[in-house]
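For the sequence shown, our numbering gives the first residue as 4, with consecutive numbering after it.
Cβ coordinates follow ideal geometry from the N, Cα and C atoms, glycine included.
Since the structure comes first, as C-alpha cells, the remarks are kept for the end.
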Amino acid sequence: MPHRIFAVLNGPNLNLLGQRQPEIYGQETLDDVERSCLAAANDLGCKVSWFQSNHEGALVDEVQRLRGNVDGLIVNAAAYTHTSVALRDALAACDAPFIEVHISNVHAREGFRQHSYLSDIASGVIVGCGPQGYELALRRLHALTARPQAE
Ligand code: DQA
C-alpha cells in the first residue's frame with residue numbers, strides 16, 4: 004500500500020515562531036515543529052510536506068499545486084484565517100480533507116480572531132494545544148483517511 008501523503012501549510016509570521024510573542028506562541032521554532040511532525044509521520048508510516056509563506060497568493064498557489072496530490076492538509080493560515088476568502092475558496096476546491104490548527108487559543112484572544120473563514124469547511128479544528136496541535140492534526144488525518152486493508 005503506498006504511503007499516504009499529507010501537507011502542512013503555515014501562514015504569515017509563523018516563520019518567526021520561537022521569537023514572536025513567546026508568551027502566546029511558545030519557545031519552539033517552526034523548524035522544531037516540523038521536526039516533531041516528521042518524526043510523528045515516520046511513526047505513522049506516512050509522508051508529510053511542509054510549507055510556510057507570508058504571502059496569501061503563494062499559499063493559494065500551494066493549495067492548487069497540492070490538489071489531487073495529497074490525502075489531506077493541516078492548515079495554520081495564521082492571520083489569513085480571519086481574512087482570506089481566497090484561501091477558503093482554494094481549500095474548498097481541493098477535494099482532500101483539511102484540519103485547521105492554531106497554536107494559541109484564538110477564542111481567548113481578540114474578537115477579530117474568533118471568526119475563521121476556514122472552520123466550517125474544515126474536517127476539524129484544533130486550537131490552543133500549542134505546537135502539539137500539528138501532531139494531533141496529523142494523527143487525526145491519518146485515522147480519517149485510513150484505507151481498508153486488503154485481505
Ligand atoms: C495563529 C492565531 C492567529 O490569530 C494569528 O494571526 C497567528 C497565529 C495561531 O497559531 O495561534 O498568526 O494562527
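Among the options, whose alpha-carbon lies nearest the alpha-carbon of residue i?
i	options	result
residue 123	25, 102, 53, 131	102
residue 75	32, 41, 125	125
residue 36	151, 54, 67, 117	54
residue 148	68, 100, 10	100
Is residue j closer than 7 Å to residue i when the C-beta atoms are compared?
i	j	result
residue 51	residue 44	yes
residue 78	residue 12	yes
residue 145	residue 49	yes
For residue i, which residues from the same chain have a beta carbon less than 7 Å from its beta carbon, with the 5 sequence-adjacent residues on both sides left out?
i	result
residue 63	89, 90, 93
residue 15	57, 81, 82, 83
According to DSSP, is residue i helix, strand or coil?
i	result
residue 130	strand
residue 152	coil
residue 85	helix
To which residues of the same chain is residue i closer than 6 Å at the C-beta, ignoring the five residues directly before and after it?
i	result
residue 42	none
residue 128	103, 122
Which word fits residue i, buried or exposed, when buried means at least 16 other C-beta atoms lie within 10 angstroms of its C-beta?
i	result
residue 115	exposed
residue 136	buried
Which same chain residues end up closer than 8 Å to residue i when comparing Cβ atoms and leaving out the 5 residues on each side of it in sequence?
i	result
residue 29	20, 21, 106, 133, 134
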